[in-house]
Amino acid sequence: MLQLLTYIASLVLIVISALLAAAETSVMLLSPGRIHRLAESERRGASALERLADHRHRLRAVSALTTGVTFGITCVAGLELGAWLVSVSSDSAPTGTSQVASFLCAAGALAVAYSLAQALPRTMAATNPERVALDAAPLALPFMSTVYPVAALLGAPWKWAVDVVGAERTLPPWAVSAEWRGANTEDDSEREVAEEAILEAVSDFAEKIVREIMVPRTDMEALADTATAADAVALISETGFSRIPIYHDSVDDVRAVLYAKDLLRALADGGAQKSVVDLARPAYFVPETKPVEELLVEMRARTHIAIVADEYGGTAGLVTLEDLLEEIVGDISDEYDREEILLLDLGEGRYRVDARLPVDDLNETFDTDIDIDADSVGGLFTELAGRIPKIGESIEIEGLRLTVTDLEGTRIRQLIVEPAAATMEGADSA
Numbered sequence: 412m413l414q415l416l417t418y419i420a421s422l423v424l425i426v427i428s429a430l431l432a433a434a435e436t437s438v439m440l441l442s443p444g445r446i447h448r449l450a451e452s453e454r455r456g457a458s459a460l461e462r463l464a465d466h467r468h469r470l471r472a473v474s475a476l477t478t479g480v481t482f483g484i485t486c487v488a489g490l491e492l493g494a495w496l497v498s499v500s501s502d503s504a505p506t507g508t509s510q511v512a513s514f515l516c517a518a519g520a521l522a523v524a525y526s527l528a529q530a531l532p533r534t535m536a537a538t539n540p541e542r543v544a545l546d547a548a549p550l551a552l553p554f555m556s557t558v559y560p561v562a563a564l565l566g567a568p569w570k571w572a573v574d575v576v577g578a579e580r581t582l583p584p585w586a587v588s589a590e591w592r593g594a595n596t597e598d599d600s601e602r603e604v605a606e607e608a609i610l611e612a613v614s615d616f617a618e619k620i621v622r623e624i625m626v627p628r629t630d631m632e633a634l635a636d637t638a639t640a641a642d643a644v645a646l647i648s649e650t651g652f653s654r655i656p657i658y659h660d661s662v663d664d665v666r667a668v669l670y671a672k673d674l675l676r677a678l679a680d681g682g683a684q685k686s687v688v689d690l691a692r693p694a695y696f697v698p699e700t701k702p703v704e705e706l707l708v709e710m711r712a713r714t715h716i717a718i719v720a721d722e723y724g725g726t727a728g729l730v731t732l733e734d735l736l737e738e739i740v741g742d743i744s745d746e747y748d749r750e751e752i753l754l755l756d757l758g759e760g761r762y763r764v765d766a767r768l769p770v771d772d773l774n775e776t777f778d779t780d781i782d783i784d785a786d787s788v789g790g791l792f793t794e795l796a797g798r799i800p801k802i803g804e805s806i807e808i809e810g811l812r813l814t815v816t817d818l819e820g821t822r823i824r825q826l827i828v829e830p831a832a833a834t835m836e837g838a839d840s841a
């Protein structure tokens, strides 16, 4: 009967040790900021996880105590199992057989206990610490709270001895105090928010095409192939651009790209009157429907600028390596950056909107779900109107009224966007 109780106790302690080992490892691997954010999200097990994180030293002490007791009971169970096997196998066993069998059974039992109570749960926790922590914390917390007084009592003499010797204490990586955690949660959370934003941007990046991120043709600065190096210097000085497309007859027929560094070499050799065609490099063309993920790979090996061709073979715009990287890491100072304010809050729900503002940004600002085959707000207006609009012309969609306030030729430059209901209320009051 005593042997059976020993076996049962060993199995129960192995399960408890595995639970504590998983909880300890996962809490150690999760940052304080991440644990705090999980608690704020009120996910199941997050509250218990936060309490474990506040008392990591207690969790480690209880885990160590439980593991030691588990190995001790398991060793005893192994010795008893070995003796029992010898007793039932043969009455004429050689001298010492019982001791050898007991030793082998004890060693085997300890190996199994280590695998199940330590190696396996810690490996699982390292693979997916967040999920394991949320699952293990509600079970580990009450056991830790119950057993810690015993662990503290057993550890008190050693703590006293350390104090007497005067050894300097340092916090290991897992022993993060609540004060440290509170002081660093904000910075840690901000860093994790930034990391998550980049991961989300990478995910979105794989789904985008060149047309969505290119600099449109209307914003390009280009030179005719009849221009000279002196003309190029004047344009570069005026715009600050370091790469200028060179076209023949019209921008729809871009032939090359002039780099400022090549221009500087020509000027140093007295070539101010040289044709830009002689100084420019061949243009690299990509279709506007090309996935940006593929383009990034190509541009790393080829060039840092590409001319975007539309379905008719004309010029739709251009895209640079910086444009691609900005889709992942955010704004980078670049010569083709759109520095103008694309969205200006006028108050009372009214916004002055640059026609180049992406429709996705419009949806995000006004919490709408406009899904029309247009990339910009200007393109959206033209698509809905079905014609070239006039200043003062308005359309309504998804509870918004869009009114054209500025045109440049046939191109919309600015609009006023406001709730349609607010517009009607203003008309009624007038």
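Every position in the sequence shown, counted from 1, becomes a number in our numbering once 411 is added.
Quick reminder that beta carbons are idealized off the backbone N, C-alpha and C, glycines included.
- Within the same chain, Cβ atoms closer than 6 angstroms to the Cβ of residue 459 are found at 548, 549 and 552, the five residues on either side in sequence being excluded.
- Under DSSP, the beta-bridge partners assigned to residue 814 are 805 and 827.
- The Cβ-Cβ distance between residue 647 and residue 683 does not fall below 7 angstroms.
- When 732, 435, 809 and 714 are compared, the shortest CA-CA separation from residue 537 is found for 435.
- Residue state for residue 437 is assigned as helix, using DSSP reduced to three classes.
- Counting only residues of its own chain and dropping the five nearest sequence neighbours on each side, residue 654 has a CB closer than 6 angstroms to the CB of 668, 670 and 716.
- Under the 8 angstroms Cβ criterion, the region 475 to 492 counts as touching the region 508 to 524, having at least three qualifying pairs.
- Exclusion of the five residues before and after residue 496 leaves 512 and 516 as the residues of its chain whose Cβ lies within less than 8 angstroms of its Cβ.
- Less than 7 angstroms separates the beta-carbon of residue 540 from that of residue 441.
- In this structure, the straight-line span from the alpha carbon of residue 699 to that of residue 542 is close to 42 angstroms.
- Only residues of its own chain outside the window of five on either side were considered, and among them 805, 829, 831 and 834 have a CB closer than 6 angstroms to the CB of residue 812, listed in chain order.
- The Cβ atoms of residue 421 and residue 488 lie closer than 7 angstroms to each other.
- Annotation for residue 785: no alpha helix (DSSP H) segment contains it, and DSSP assigns it neither H nor E.
- In this structure, residue 477 lies near residue 427, with their beta-carbon atoms less than 7 angstroms apart.
- With respect to residue 429, residue 532 sits close: the two C-beta atoms are nearer than 7 angstroms.
- DSSP, reduced to helix, strand and coil, places residue 756 within a strand of the structure shown.
- Taking 7 angstroms as the cut-off, the Cβ atoms of residue 770 and residue 791 count as close.
- Residue 827 and residue 814 have their C-alpha atoms roughly 5 angstroms apart.
- Taken in chain order, the unbroken stretches of alpha helix (DSSP H) that lie wholly in the region 438 to 487 and span 4 residues or more are 443 to 452 and 457 to 465.
- Taking C-beta atoms as the reference points, residue 485 and residue 520 count as a pair closer than 7 angstroms.
- In this structure residue 461 touches residue 450 by the C-beta definition: roughly 4 angstroms separates them, less than 8 angstroms.
- For residue 633, the closest alpha carbon among the candidates 768, 620, 662 and 443 is that of 662.
- Taking C-beta separations shorter than 7 angstroms and ignoring five residues to either side along the sequence, the partners of residue 446 in its chain run 460, 461 and 464, following chain order.
- CA-to-CA, the gap between residue 644 and residue 772 works out to about 37 angstroms.
- For a cut-off of 8 angstroms, the C-beta gap from residue 731 to residue 628 is around 15 angstroms, too long to register as a contact.
- Contact between the region 815 to 824 and the region 779 to 794 is present: three or more C-beta pairs spanning the two stretches fall below 8 angstroms.
- Residue 702 has its alpha-carbon roughly 32 angstroms from the corresponding atom of residue 674.
- By the Cβ neighbour-count rule, residue 696 is exposed, with fewer than 16 other Cβ atoms within 10 Å of its own.
- Under DSSP, residue 639 shares a beta bridge with 686.
- If one requires a minimum length of 4 residues, the alpha helix (DSSP H) runs lying completely within the region 531 to 586 are 531 to 538 and 540 to 576, in chain order.
- Taken through DSSP and simplified to helix, strand or coil, residue 768 comes out as coil.
- Between residue 527 and residue 474, the gap from beta carbon to beta carbon reaches 7 angstroms or more.
- Judged by their CB atoms, residue 738 and residue 620 are not nearer to each other than the 7 angstroms cut-off.
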